[in-house]
Every structure is written in C-alpha cells, then in structure tokens.
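Visitor: Here you go, one structure.
Residue numbers (full-length UniProt numbering): 1 to 338.
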C-alpha cells in the first residue's frame with residue numbers, strides 16, 4: 001500500500017517526508033518518554049524530522065545539478081556537431097539508420113526540455129507529477145532502445161552482415177530486454193513526489209534494485225558489443241599484417257567505434273552504482289547522464305563514420321585512404337542502403 005507524502009510543519013522551505021520515515025523517527029525516540037517530559041520528546045522528534053527534510057532537500061538539489069550537467073553536455077555536443085549533421089546527413093537521402101539517428105537525437109533533445117520543466121516548476125500540482133514521471137521513463141526507455149538498435153546495426157556491418165552474428169545479437173538482446181521489462185513493469189513502481197521546487201523521483205531500496213536490474217541488462221549488452229568491436233579490431237589488424245599493412249591498433253579501434261561503445265558502457269556502470277545509494281532521492285540520479293552519453297556517443301559515432309567514409313553505420317569493406325600520417329580504412333556498403 002502506497003502512502004501519500006506528508007509535509008513537515010516546520011516553516012518555509014521544508015520538503016516532504018513519508019509516513020514511514022515519521023514512524024521510524026517516532027520509534028527511535030520513544031525511549032525519551034521514559035527519561036524526560038513529553039514536550040522534550042516532541043522537540044527531539046521535530047529536530048529529527050527537520051534534519052530529515054533538510055537532507056531530502058539537499059538530495060533533490062543534487063539531483064537537479066546532475067540533470068543540468070547532463071543536458072548541458074547533450075546540448076553542447078549537439079551544437080558543435082550540428083554543422084557535420086547538416087553536411088553529412090541533411091544532404092543525403094533518408095535511410096533507415098538515418099531516420100533512427102534523427103529520432104534519437106531530437107527526441108532526447110526535446111524530451112529533456114519537458115523533464116527539466118518538471119524538475120524546476122514550483123507551480124505544479126501533485127497529480128501532474130505522475131504524467132511527467134511516466135514521460136521521463138518513456139524517454140529513457142526509447143532512447144536506450146534506439147541506441148541499442150543503431151549499435152546492433154553497426155556491429156552487423158563490422159562483421160560483414162553475418163547472419164550468424166545478427167542472430168546471436170538479437171537473441172541476447174531480446175533475452176536481456178525481456179529481463180529489463182520484467183524488472184521495470186512487474187515489480188514495485190517508482191514514486192514521483194511533489195516538492196517545493198518541482199517533481200522528484202523517490203526510490204525505495206527494493207524498487208531501486210529492480211530498476212537497477214534493467215540498467216544492468218543494458219550494461220551487459222553494451223559490454224558485449226564493446227568486446228565484439230575490440231575482437232574485430234584485433235582480427236582486422238592481424239589480417240592486415242598478413243598483407244604487410246601496418247595500421248596502429250588505436251586507429252582501427254577509433255574507426256570501428258570501440259571507444260564510443262566503451263564510453264557508453266562506462267556511463268551506464270556509473271549510473272548503476274547510484275541505485276545502491278542509501279539516499280532515496282539520489283538513487284538513479286544519473287539516469288539522464290547515462291542516457292545523454294548514449295545519445296551523444298551514438299551521434300558522434302554516426303557522424304564520424306559519415307565524415308571519413310560517407311557510408312554511415314554500414315561501413316564494413318576495407319579500402320584505404322590517407323588521414324594525417326596514417327593509412328586508415330573506409331568502407332563502402334555492400335548492397336545496403338543507408
């Protein structure tokens with residue numbers, strides 16, 4: 001049974017506390033009734049409640065800072081890569097991966113405006129927090145699903161459109177995705193509460209662990225793709241040595257996008273760690289950061305591939321060109337339309 005949050009009657013600027021927190025404080029201080037007056041007991045309880053509310057307000061403020069940092073990173077990178085987007089994508093015919101790229105890039109950019117409004121609007125009502133909270137969950141899920149689809153296409157191309165590798169990735173992806181859906185929708189739901197500054201998400205430990213399981217499934221999939229790109233890089237380097245071509249391994253890794261995959265996996269891992277924090281408002285506080293990093297890295301990967309090869313995610317066949325002092329690879333799609 002869910003309890004509605006209760007406001008501590010302690011003056012302006014005080015946040016909300018839950019009934020459970022109040023009962024816990026009461027049981028902790030009940031021994032004072034045996035040692036002192038009832039007035040003294042209630043004074044101590046009020047101090048404890050005030051401390052709890054101040055701590056909650058600080059957690060909410062820190063969550064807001066994390067969100068602002070994350071969207072600032074997202075919008076800043078969007079602005080500096082926008083000229084490349086116009087040059088390499090706007091002037092080309094719209095293909096499947098390009099459509100997904102635009103949807104992922106602009107849905108995240110516009111959707112986070114709505115999330116920001118929900119976090120910083122003091123004029124909201126408690127009933128309006130639920131749809132804002134639902135929208136944020138949909139935003140996070142959709143962006144991660146689209147990123148995973150784009151990454152899967154990239155790996156599929158790296159392995160020369162191998163049906164066996166595609167089947168392996170799809171089976172693994174659907175298995176982990178099913179576990180993530182079960183963890184999110186068949187457990188305790190997270191709660192969005194109204195605070196003096198806006199709507200903030202408060203997670204109990206059980207709910208937090210369940211939501212963390214979904215992000216852990218995503219981390220496993222990202223890590224698998226990262227290892228697959230590294231394996232392909234080492235294999236490609238070996239094949240080139242057989243043909244007496246010496247290409248630095250770092251250049252191969254950079255071309256294939258392994259660095260982007262690794263950064264996404266690392267951001268997800270950092271976000272997962274927050275779900276095990278003791279503070280309820282800080283659990284999952286870096287979800288926007290992990291999502292923004294995924295969108296940013298995916299955008300940069302696609303733009304970089306278009307920049308060096310003008311073939312996008314389907315870069316697979318090896319040809320050579322001169323870039324700086326190194327001879328690096330570019331690809332041309334087989335019979336696949338971008």
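Even glycine gets a Cβ: it sits at the ideal position worked out from N, Cα and C.
Per DSSP, what kind of secondary structure is residue 148 in: helix, strand or coil?
Guide: helix
Visitor: In whole angstroms, what is the alpha-carbon distance linking residue 127 and residue 198?
Guide: When the Cα atoms are used, residue 127 and residue 198 turn out to be separated by approximately 12 Å.
Visitor: State the Cα-Cα distance for the pair residue 206 and residue 213, rounded to the nearest angstrom.
Guide: 11 Å
Visitor: Are at least three pairs of beta-carbons, each pair with one atom in the segment 71-79 and one in the segment 275-293, less than 8 Å apart?
Guide: Cβ pair count under 8 Å is three or more, so yes.
Visitor: Do you know how far the Cα of residue 283 is from the Cα of residue 135?
Guide: 18 Å
Visitor: How about residue 119 and residue 84: are their beta carbons less than 7 Å apart?
Guide: Note that the C-beta distance between residue 119 and residue 84 is not below 7 Å.
Visitor: Can you tell me the Cα-Cα spacing of residue 56 and residue 285, whole angstroms?
Guide: 13 Å
Visitor: Let me know the secondary structure DSSP gives residue 95 once reduced to three states.
Guide: Of the three classes helix, strand and coil, the one that applies to residue 95 here is coil, per DSSP.
Visitor: Nearest-angstrom Cα distance between residue 177 and residue 218?
Guide: Rounded to the nearest whole angstrom, the C-alpha separation of residue 177 and residue 218 is 8 Å.
Visitor: Which whole-angstrom value describes the C-beta separation of residue 133 and residue 192, a residue pair presumed to lie in contact below a C-beta threshold of 8 Å?
Guide: 4 Å
Visitor: Quick check: the Cα distance between residue 150 and residue 95, rounded to an integer number of angstroms?
Guide: 13 Å
Visitor: Just to confirm, are residue 229 and residue 258 a CB contact at a threshold of 7 Å?
Guide: yes
Visitor: What are the partner residues of residue 191, as DSSP defines its beta bridges?
Guide: 202
Visitor: Going by beta-carbon coordinates alone, are residue 152 and residue 108 separated by less than 7 Å?
Guide: no
Visitor: Which residue comes first and which comes last in the alpha helix (DSSP H) that contains residue 258?
Guide: Where residue 258 is concerned, the enclosing alpha helix (DSSP H) starts and stops at 258-274.
Visitor: Beta carbon of residue 215, beta carbon of residue 272: below 7 Å?
Guide: yes
Visitor: Using three-state DSSP, classify residue 108 as helix, strand or coil.
Guide: helix
Visitor: Excluding the five sequence neighbours on either side, which residues of its own chain have a C-beta within less than 6 Å of the C-beta of residue 279, listed in chain order?
Guide: 59
Visitor: Provide the residue span of the alpha helix (DSSP H) that contains residue 284, from first to last.
Guide: In the DSSP annotation of this structure, residue 284 is not part of any alpha helix (DSSP H), being labelled neither H nor E.
Visitor: Given a threshold of 16 other Cβ atoms within 10 Å of its Cβ, counted over all protein chains shown, does residue 186 qualify as buried or as exposed?
Guide: exposed
Visitor: Taking C-beta to C-beta, are residue 140 and residue 111 nearer than 7 Å?
Guide: no
Visitor: How would you label residue 306, buried or exposed, when you count the other beta carbons within 10 angstroms and need 16 or more for buried?
Guide: buried
Visitor: If you draw a straight line from the C-alpha of residue 233 to the C-alpha of residue 123, how long is it?
Guide: Looking at the two C-alpha atoms, the distance is approximately 53 Å.
Visitor: Are the beta-carbon atoms belonging to residue 105 and residue 299 less than 7 Å from one another?
Guide: Yes. Within cutoff.
Visitor: Excluding the 5 residues flanking residue 194 on each side, which residues of the same chain have their C-beta closer than 6 Å to its C-beta?
Guide: 126, 129
Visitor: How about residue 267 and residue 293: do their beta carbons lie closer than 7 Å?
Guide: yes
Visitor: Less than 7 Å separating the beta-carbons of residue 221 and residue 262?
Guide: In this structure, residue 262 does not lie closer than 7 Å to residue 221 by Cβ.
Visitor: Report the option in 161, 77, 115, 100 whose CA atom is closest to the CA atom of residue 201.
Guide: 115
Visitor: Quick test of your reading: residue 155 and residue 225, contact by CB under 8 Å. State the CB separation rounded to the nearest angstrom.
Guide: About 6 Å; that satisfies the 8 Å criterion.
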